[in-house]
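Protein chains in written order, with the numbering used here: chain A, 1 to 224; chain B, 1 to 165; chain C, 1 to 320.
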């Protein structure tokens with residue numbers, strides 16, 4: 001899923017205090033799974049803003065609402081649209097995609113981002129999410145035993161490791177980052193395919209990734 | 001025995017304290033304190049929950065939003081939870097809630113987690129008295145810097161199912 | 001392997017190693033300012049003492065005068081530089097451009113490195129590049145030199161009718177005999193040789209035993225005959241430095257015997273003992289089959305290089 005983290009409270013409060021009535025709009029998909037912007041988190045943020053407003057003597061009315069996803073037009077239904085239009089401004093706890101899509105659906109409304117969107121990741125265990133994919137547009141996981149060198153190697157090496165791999169950890173942050181190339185090596189060993197790592201991997205075509213410019217996918221067979 | 005501070009608090013508008021207590025330990029201890037005729041501050045409103053693991057972060061924050069001066073979360077001793085680890089989850093959530101309170105400018109000392117076994121009536125009385133004194137001191141310190149007093153409207157005997165809306 | 005193989009460049013370093021002679025390279029870190037005199041001052045110590053001088057490329061991701069720019073200063077003084085390129089700051093377009101630039105100025109030696117991550121330097125918030133890695137960089141340089149082609153396949157020539165004018169370079173790479181995973185280290189060296197490396201410089205060596213173990217594996221695969229391997233040495237200035245190297249540099253182990261020797265002498269004499277140890281190491285490394293030279297990294301200690309190479313009986317340097 002797309003992972004995100006709630007923005008620092010001060011930043012959000014700075015948005016909130018500019019208005020009299022704000023809607024905190026949660027998203028029920030990715031940010032719910034990574035516990036940054038779902039219904040629960042909307043409730044917590046609302047309480048925090050109320051408490052802070054009490055402390056500072058500000059008057060801010062807060063409305064809470066969560067929809068299934070903010071990246072599909074269907075979920076901005078009548079009721080949601082009314083709530084959004086009623087508010088002076090919206091703090092969306094959806095990922096960057098949801099915030100922008102919300103803006104596109106409600107062109108005249110002020111919509112603030114309430115989370116910092118981070119990476120494509122998986123739940124390693126409850127409360128711990130970790131990056132796995134960089135969206136490079138040209139997946140080579142088959143070549144590396146299912147461990148992505150682009151996303152998980154700090155230097156995106158295709159012919160790694162570099163000299164900074166020690167005890168299976170990456171020197172950039174030995175406590176938190178595993179050396180992807182150690183993982184690749186271990187995995188290819190299990191698969192009995194170590195010899196494949198002796199092949200020189202040629203330079204990558206980065207034009208399929210974000211480097212080539214903002215991307216889109218169009219399926220003519222599906223378009224109405 | 002009530003301390004001088006608490007007596008003084010009783011004379012003035014009392015701090016409103018919500019005590020989220022688990023049925024199996026802390027609530028039973030509070031009950032016991034009552035039967036033992038031990039004195040503890042009457043401004044504490046006890047909310048009985050099946051387990052402190054039922055407490056979620058927004059339950060605590062909402063109590064403050066609604067006007068609580070202090071919130072105590074009282075559960076079983078570590079290792080003694082009827083539901084094995086509910087109290088351990090509560091410890092982590094209380095820590096997180098303290099952080100969230102600090103972000104909003106609310107003194108995180110107004111929230112505290114206590115571990116009290118069912119047989120520890122006297123301990124319940126002692127801790128609730130200590131906490132009340134702490135809150136009284138904090139609120140009087142804050143009250144002297146404020147020109148208006150807050151109106152404390154606190155729901156009594158809140159049921160265990162608290163809606164987060 | 002014939003010792004009279006055709007030379008690929010005008011490199012003095014290449015001439016020496018190709019003719020079977022033992023080579024010595026030094027290293028120099030450019031200044032963090034426009035202090036050109038500092039470059040000259042450091043380089044001065046090395047004239048006539050080494051065959052070529054590596055010039056680091058924003059080492060540790062700290063901004064310094066570029067390798068090529070500093071290299072030109074050395075060339076003026078009669079020293080041959082080894083230009084270092086990392087993959088951290090430049091994409092393939094910039095790198096190939098700089099290769100052409102180095103070549104037109106007659107700087108033939110290029111060392112291909114991955115590069116330290118920017119988090120270690122003075123601009124940790126910058127974006128990194130890593131368009132290609134060091135192995136791909138070696139291939140790219142080989143393609144430029146031998147096929148007269150850019151990485152995209154286009155010929156290196158000015159116009160359709162012109163003749164291709166490729167750079168004549170001597171391609172180097174780094175090897176770390178002590179890194180993880182240990183079983184993979186020799187394979188990585190093999191990959192770099194396949195990619196086209198002409199010479200290799202290793203990380204500084206203290207653990208002779210472990211290095212000999214690595215060289216055994218290297219020889220087993222016949223790699224020492226396909227590429228010129230230069231063993232890296234760094235003199236220990238003090239017991240503090242020895243302990244720091246042991247504790248903070250990943251994969252580097254410093255034998256207790258060295259630390260003991262440095263602790264036993266007076267603090268003021270530690271540097272001299274460090275020089276002695278370094279000289280001993282050089283002599284030991286010379287005896288290892290497959291070692292074609294020494295890469296002496298005496299960063300910020302250039303003034304002791306003359307003494308080290310003399311005591312190690314590496315003078316005079318050959319005339320080519």
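The beta-carbon is built from N, C-alpha and C at its ideal position, and this holds for glycine as well. For clarity, every value in this text was computed on a predicted model and none was experimentally measured.
Contacts around residue 60 of chain C, its chain only, beta-carbon distance under 6 Å, and the 5 residues preceding and following it disregarded = Within the third chain, the letter at position 60 stands for residue 60 of chain C. Result list for residue 60 of chain C: 116, 120 and 121, in chain order.
message = Using CA atoms only, rank isn't needed, just tell me which of A/51, A/43 and A/184 is closest to residue 66 of chain A.
response = Here residue 66 of chain A refers to the residue found at position 66 of the first chain. Checking every option, the nearest Cα to that of residue 66 of chain A belongs to A/43.
Residue 190 of chain A burial status per 10 Å Cβ neighbour count (16 or more: buried) = Against the first chain, residue 190 of chain A aligns to sequence position 190. Burial call: exposed.
request  = May I ask you to list, following chain order, the residues of the stretch 28-51 of chain A that have a beta carbon less than 7 Å from some beta carbon of chain B?
outcome  = 40, 43, 44, 47, 48, 50 and 51
ask   = Which chain A residues are close to residue 130 of chain C, counting only those with a beta carbon under 8 Å from its beta carbon?
value = Within the third chain, the letter at position 130 stands for residue 130 of chain C. Within 8 Å Cβ-Cβ: 155, 156 and 157.
inquiry  = So that I know if they touch, is there some Cβ in chain A lying closer than 7 Å to that of residue 47 of chain B?
reply    = Position 47 of the second chain, counted from the start, is the residue given in the question as residue 47 of chain B. No, residue 47 of chain B does not count as interfacial toward chain A.
task = Output, in chain order, the set of chain A residues within a Cβ distance shorter than 8 Å of residue 150 of chain C.
result = Start at 1 with the first residue of the third chain, and residue 150 of chain C comes out as number 150. Here the premise fails: no neighbours, minimum Cβ distance about 12 Å.
Three-state secondary structure assigned by DSSP to residue 172 of chain C = Position 172 of the third chain holds residue 172 of chain C. Correct three-state label for residue 172 of chain C: strand.
request  = Can you pull the chain B residues whose beta carbon is under 8 Å from the beta carbon of residue 9 of chain A, in chain order?
outcome  = Translated into positions along the first chain, residue 9 of chain A becomes position 9. Within chain B, the residues near residue 9 of chain A are 100, 103 and 104.
request  = May I ask which residues mark the beginning and end of the alpha helix (DSSP H) holding residue 149 of chain C?
outcome  = Reading the third chain from its first residue, position 149 is the one you call residue 149 of chain C. Run containing residue 149 of chain C: none; DSSP gives neither H nor E here.
key: Inside the stretch 151-239 of chain C only - beta strand (DSSP E) runs reaching at least 3 residues   = 170-175, 199-204 and 228-233
Proximity winner among A/158, A/221 and A/211, relative to residue 200 of chain A (alpha-carbon distances) = As a working mapping, residue 200 of chain A is identified with position 200 in the first chain. For residue 200 of chain A, the nearest C-alpha among the options comes from A/158.
inquiry  = Taking the straight line between their C-alpha atoms, what separation do you get for residue 133 of chain A and residue 2 of chain A?
reply    = Position 133 of the first chain holds residue 133 of chain A. Position 2 of the first chain holds residue 2 of chain A. Rounded to whole angstroms, residue 133 of chain A to residue 2 of chain A spans 10 Å at the Cα level.
inquiry  = Run through chain A and tell me which residues come within less than 7 Å of residue 64 of chain B, C-beta to C-beta.
reply    = As a first step, residue 64 of chain B is located in the second chain; it is residue number 64 there, counting from the start. In chain order: 51.
query = Going by beta carbon distance, what residues of the same chain come within less than 8 Å of residue 115 of chain A, once the five residues before and after it are set aside?
reply = As a working mapping, residue 115 of chain A is identified with position 115 in the first chain. Cβ neighbours of residue 115 of chain A beyond the five flanking positions: 4, 5, 6, 7, 31, 36, 37, 93, 94 and 95.
request  = Return the bridge partner residues of residue 92 of chain A from the DSSP annotation.
outcome  = The residue you call residue 92 of chain A lines up with position 92 of the first chain. In the DSSP output, where bridge partners are listed per residue, residue 92 of chain A has A/25 and A/113.
ask   = Does the distance from the CB of residue 154 of chain C to the CB of residue 148 of chain C come in under 7 Å?
value = The residue you call residue 154 of chain C lines up with position 154 of the third chain. The residue you call residue 148 of chain C lines up with position 148 of the third chain. No.
inquiry  = On the criterion of 16 or more Cβ atoms from any shown chain inside 10 Å, does residue 10 of chain A qualify as buried, or is it exposed?
reply    = Residue mapping note: residue 10 of chain A aligns to position 10 of the first chain, counting from 1. Within a 10 Å sphere around the beta-carbon of residue 10 of chain A sit fewer than 16 other beta-carbons, which makes this residue exposed.
message = So, for residue 299 of chain C: in the same chain, excluding its five sequence neighbours on each side, which residues have a beta-carbon less than 7 Å away from its beta-carbon?
response = Locating residue 299 of chain C in the third chain gives position 299, counting from the first residue. Excluding positions up to five away in sequence, the list reads 27 and 29.
Proximity of residue 65 of chain B and residue 51 of chain A at Cβ, strictly below 7 Å = Here the question's residue 65 of chain B lines up with position 65 in the second chain. Here the question's residue 51 of chain A lines up with position 51 in the first chain. Yes. Within cutoff.
message = Looking at chain C, is there any beta carbon in it that lies within less than 7 Å of the beta carbon of residue 182 of chain A?
response = Walking along the first chain from the start, residue 182 of chain A turns up at place 182. It does: the Cβ of residue 182 of chain A has a partner Cβ on chain C nearer than 7 Å.
key: Partners in chain B for residue 56 of chain A, counting only beta-carbon separations shorter than 8 Å   = Reading the first chain from its first residue, position 56 is the one you call residue 56 of chain A. 105, listed in chain order.
request  = Using a Cβ cut-off of 9 Å, pull out every chain A residue sitting near residue 179 of chain C, in sequence order please.
outcome  = Start at 1 with the first residue of the third chain, and residue 179 of chain C comes out as number 179. What residue 179 of chain C touches in chain A: 161, 162, 163, 164, 165 and 166.
query = Mind checking residue 139 of chain B: buried by the 16 CB within 10 Å criterion, or exposed?
reply = Your numbering for residue 139 of chain B matches position 139 in the second chain. Burial call: buried.
task = Can you give me the start and stop residues for the beta strand (DSSP E) that residue 129 of chain A sits inside?
result = Locating residue 129 of chain A in the first chain gives position 129, counting from the first residue. Its beta strand (DSSP E) spans residues 128-133.
inquiry  = Tell me the residue span of the beta strand (DSSP E) that contains residue 150 of chain A.
reply    = Sequence index remark: in the first chain, residue 150 of chain A carries index 150 (1-based). For residue 150 of chain A, there is no enclosing beta strand (DSSP E); the residue is found in the alpha helix (DSSP H) stretching over 149-152.
Cutoff 7 Å: residue 87 of chain B Cβ touching any chain A Cβ = Here residue 87 of chain B refers to the residue found at position 87 when the second chain is read from its first residue. No - not a single Cβ of chain A is within 7 Å of the one on residue 87 of chain B.
task = Could you pull out every unbroken beta strand (DSSP E) segment of at least 3 residues lying fully inside the stretch 6-88 of chain B, listed in chain order?
result = 17-22, 44-49 and 70-75
ask   = Taking residue 62 of chain C as the reference, which of C/245, C/137, C/123 and C/213 has the closest Cα?
value = Against the third chain, residue 62 of chain C aligns to sequence position 62. Of the candidates C/245, C/137, C/123 and C/213, the one whose C-alpha sits nearest the C-alpha of residue 62 of chain C is C/123.
ask   = Less than 7 Å separating the beta-carbons of residue 93 of chain C and residue 70 of chain C?
value = Residue numbering aside, residue 93 of chain C sits at position 93 when the third chain is read from its first letter. Residue numbering aside, residue 70 of chain C sits at position 70 when the third chain is read from its first letter. Not in contact: residue 93 of chain C and residue 70 of chain C (Cβ atoms no closer than 7 Å).
request  = Report back the beta-carbon spacing between residue 132 of chain C and residue 203 of chain A to the nearest angstrom; my notes put them in contact at under 8 Å.
outcome  = If you number the third chain from 1, residue 132 of chain C lands on position 132. If you number the first chain from 1, residue 203 of chain A lands on position 203. Confirmed, Cβ separation roughly 5 Å.
query = Based on the DSSP secondary-structure assignment, which residues constitute the bridge partners of residue 83 of chain C?
reply = Locating residue 83 of chain C in the third chain gives position 83, counting from the first residue. C/55 and C/110, per the DSSP bridge assignment.
query = residue 191 of chain A versus chain C: which residues are under 7 Å apart at the beta carbon?
reply = If you number the first chain from 1, residue 191 of chain A lands on position 191. Here the premise fails: no neighbours, minimum Cβ distance about 15 Å.
task = May I ask you to report which of helix, strand or coil DSSP gives residue 191 of chain A?
result = For the purposes of this step, residue 191 of chain A is identified with residue 191 of the first chain, where counting begins at 1. Coil at residue 191 of chain A, not helix or strand.
key: 7 Å Cβ cutoff met for residue 128 of chain B and residue 60 of chain B   = Looking up residue 128 of chain B in the second chain gives position 128. Looking up residue 60 of chain B in the second chain gives position 60. Contact: no.
ask   = Which ranges would you report for the alpha helix (DSSP H) in the stretch 161-208 of chain A if only whole runs of at least 4 residues count?
value = 180-190
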